[in-house]
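S.K.: 61 is the number of the first residue of the sequence shown in the numbering used here; add one for each residue after it.
The beta-carbon is built from N, C-alpha and C at its ideal position, and this holds for glycine as well.
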Amino acid sequence: MSLCTLAEIDARLRLALEPDWLSVLDESAAHAGHMEMPSTPDGQAPGATHVRIRLSKASWNGLSRVARHRLVYDALSDCLDRGLHAVAIDFLASPPAA
């Protein structure tokens, strides 16, 4: 099975969580070399192993941090099974100013 791409991760989160605002950043390159990674012919990773997710959802403001993390991990369960193994999550009380 191949790694999830950023587009797949973004789509899964948007579909499952319906956030007010969402940003998904690939931080895999900053961790290159600490585990064997598959690569494409041009040397690039075929998906993400480390991501930073920043999101805002007003209806979550009353949820505990643990409950919010569970919702995100549930939405990404297939990606976690496919090699995504580091997820940093920043919950914002409101979307950032444009």
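Near CYS64, which residues of its chain fall below 7 Å by C-beta distance, leaving aside the five closest residues on each side in sequence?
M.R.: Here the question's residue 64 lines up with position 4 in the sequence shown. Excluding residues within five positions, the ones whose Cβ falls inside 7 Å are GLY107, ALA108, CYS139, ARG142, LEU144.
S.K.: Going by DSSP, name the residue or residues bridged to ASP86.
M.R.: For the purposes of this step, residue 86 is identified with residue 26 of the sequence shown, where counting begins at 1. Answer by DSSP bridge pairing, in chain order: VAL111.
S.K.: Counting Cβ pairs, one atom from each stretch, are 3 or more of them under 8 Å apart for the region 119-129 and the region 82-89?
M.R.: As far as the Cβ criterion goes, the region 119-129 does not touch the region 82-89, which means the pair count is below three.
S.K.: Can you tell which of PHE151, ALA158, LEU77 has its C-alpha closest to the C-alpha of ILE113?
M.R.: As a first step, residue 113 must be located in the sequence shown, where it is residue number 53. That would be PHE151, whose Cα lies nearest to the Cα of ILE113.
S.K.: Would you mind stating whether PRO155 and ASP70 have Cβ atoms separated by less than 8 Å?
M.R.: Here residue 155 corresponds to residue number 95 of the sequence shown, with the count starting at 1. Here residue 70 corresponds to residue number 10 of the sequence shown, with the count starting at 1. No. Outside cutoff.
S.K.: Going by DSSP, which residues form a beta bridge with LEU152?
M.R.: To locate residue 152, count along the sequence shown from 1; it is residue 92. LEU152 pairs with SER116.
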